[in-house]
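Only one structure is covered here, and it is reproduced in the block below.
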Amino acid sequence: MSRSLSLQCVYNDLNEVCAPVQDTKRRQKRSTQTILATMYHISVSNNAVNFCSPSKVVVLDGNCQDFFQDAAGNTVMILKPRYCYIEGRCVGEGTPGDDSCTECKPSSSTFEWTNGKSEFIIC
1 MSRSLSLQCV
11 YNDLNEVCAP
21 VQDTKRRQKR
31 STQTILATMY
41 HISVSNNAVN
51 FCSPSKVVVL
61 DGNCQDFFQD
71 AAGNTVMILK
81 PRYCYIEGRC
91 VGEGTPGDDS
101 CTECKPSSST
111 FEWTNGKSEF
121 IIC
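Taking full-length UniProt numbering, the leading residue of the sequence shown gets 1, the next gets one more, and so forth.
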């Protein structure tokens, strides 16, 4: 999905402009794919006429996510080891779900809770 929009930004210094970004987790519908990160192509102007060349900016959760460019120049998103990405958030391995029967178990599933049934809990 690609769209163009113009936003008011805050000029901090020669190397930094602060721009508001939307929370993609709030807009996401249950039936859509899991969104790991959002990529923006940002062009800055001080007069709304002349813009600099676009720069690629990737917004992600650095606690569990990373990215790199492959040989073809594509941006590839990865989930760091020992993490799950469930319901739009990073979850560390072994973290229990909302009930006592599920947990983050990356070896089984990185995007869904895994049944973490133990001998002491009846699920």
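Just so it is clear, CB atoms sit at the ideal spot from N, CA and C, and this is done for glycine as well.
- In its chain, beyond the 5 residues on either side, 18 have a beta carbon closer than 6 Å to the beta carbon of residue 10.
- Remark: C-beta atoms of residue 105 and residue 92 do not approach each other more closely than 8 Å.
- Residue pairing from DSSP places residue 42 in a beta bridge opposite 55.
- Bridge partners of residue 92 according to DSSP: 83.
- In the three-state reduction of the DSSP assignment, residue 12 falls in the strand class.
- Going by DSSP, residue 115 is part of the beta strand (DSSP E) stretching over 109-115.
- Here residue 55 is not near residue 35, since their CB atoms are 8 Å or more apart.
- By the Cβ neighbour-count rule, residue 78 is exposed, with fewer than 16 other Cβ atoms within 10 Å of its own.
- Beta bridge pairing from DSSP links residue 78 with 66.
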